[in-house]
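K.L.:
Our numbering numbers the first residue of the sequence shown as 723 and each following residue consecutively.
Quick reminder that beta carbons are idealized off the backbone N, C-alpha and C, glycines included.
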Amino acid sequence: MIFGVSLTKGAVVIAHTTGARETFAITSIMPIVFEARSGADLAELLQRLVDEFGRGGRSSRSAIALLGSSSGRFKASVEAIKAEAVTELAAAQTGVPVVRVTAASLKKAVACAPGQKWQARAAELLNPTGAHQNWSKGAAGAAAAALKVTADMT
723 MIFGVSLTKG AVVIAHTTGA RETFAITSIM PIVFEARSGA DLAELLQRLV DEFGRGGRSS
783 RSAIALLGSS SGRFKASVEA IKAEAVTELA AAQTGVPVVR VTAASLKKAV ACAPGQKWQA
843 RAAELLNPTG AHQNWSKGAA GAAAAALKVT ADMT
């Protein structure tokens, strides 16, 4: 199982996926809403992530595809950066390896046409029928990151 993880200001979006590139499927998308106002908030997020990764991360083929926070022109929020650190800590505690994915690499991973944005292509490719009702930019990032890592592993 590959856990695709995308971070936003107020949520850690996790896409649970299975299969190789040809049989890739999203089994569920789960946003974990959080606030980063105190250490207790971050400790709660850590526990929820440890529980989540611990449930599905027992396989030797499991990995976390972590869509890294942007530090370039489109900087990530402080909350997203904190969530990224907590996610890496949860991965270390559960023994699930983290594979960092950059947003720039997703255009190729989802086979964008010239001028096409990867978020739109990810929705077209990974949620064509709208079956995942809680689809969002965060879900697109998590699912696309998982697809990239799956393709790189096979």
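1) Using 9 Å as the threshold, is the C-beta distance between residue 874 and residue 832 below it?
2) Can you check which of these residues, 743, 741 and 735, is closest to residue 753 by C-alpha distance?
3) Output needed for residue 835: all residues of its chain with C-beta closer than 8 Å, excluding positions within five of it in sequence on either side, in chain order.
4) Roughly how many whole angstroms lie between the Cα atoms of residue 815 and residue 773?
5) Strictly by DSSP, which residues pair up with residue 752?
6) Give every residue of the same chain whose Cβ lies closer than 8 Å to the Cβ of residue 871, excluding the five residues on either side of it in the sequence, and list them in chain order.
7) Might you give, ordered along the chain, the residues of its own chain that have their beta carbon closer than 7 Å to the beta carbon of residue 770, omitting 5 neighbours on each side?
8) DSSP on residue 693, reduced to helix/strand/coil?
9) Quick check on the burial criterion: 16 or more other C-beta atoms within 10 angstroms. Buried or exposed for residue 860?
10) Can you give me the C-alpha to C-alpha distance between residue 803 and residue 766, rounded to a whole angstrom?
11) Classify residue 800 as buried or exposed, calling it buried when 16 or more other Cβ atoms lie within 10 Å of its own Cβ.
12) Look at the alpha carbon of residue 854 and the alpha carbon of residue 759, and state the distance between them as a whole number of angstroms.
13) Looking at residue 729: is its Cβ nearer than 9 Å to the Cβ of residue 826?
14) Would residue 745 be called buried (16 or more neighbouring beta carbons within 10 Å of its own) or exposed?
15) Considering only DSSP beta bridges, list what residue 803 is partnered with.
P.N.:
In terms of the structure at hand:
1) With a cutoff of 9 Å on beta-carbon distance, residue 874 and residue 832 are scored as not near each other.
2) 735
3) Same-chain partners within the cutoff: 843.
4) 10 Å
5) 736
6) 724, 726, 785, 787, 821 and 823
7) Cβ contact annotation for residue 770 (same chain, cutoff 7 Å, sequence separation greater than five): 754, in chain order.
8) One cannot answer for residue 693 here, as it falls past the ends of the chain, which runs 723 to 876.
9) buried
10) 16 Å
11) With a threshold of 16 other beta carbon atoms within 10 Å, residue 800 falls short and is exposed.
12) 30 Å
13) no
14) With fewer than 16 other Cβ atoms within 10 Å, it is exposed.
15) Beta-bridge pairing links residue 803 to no other residue.
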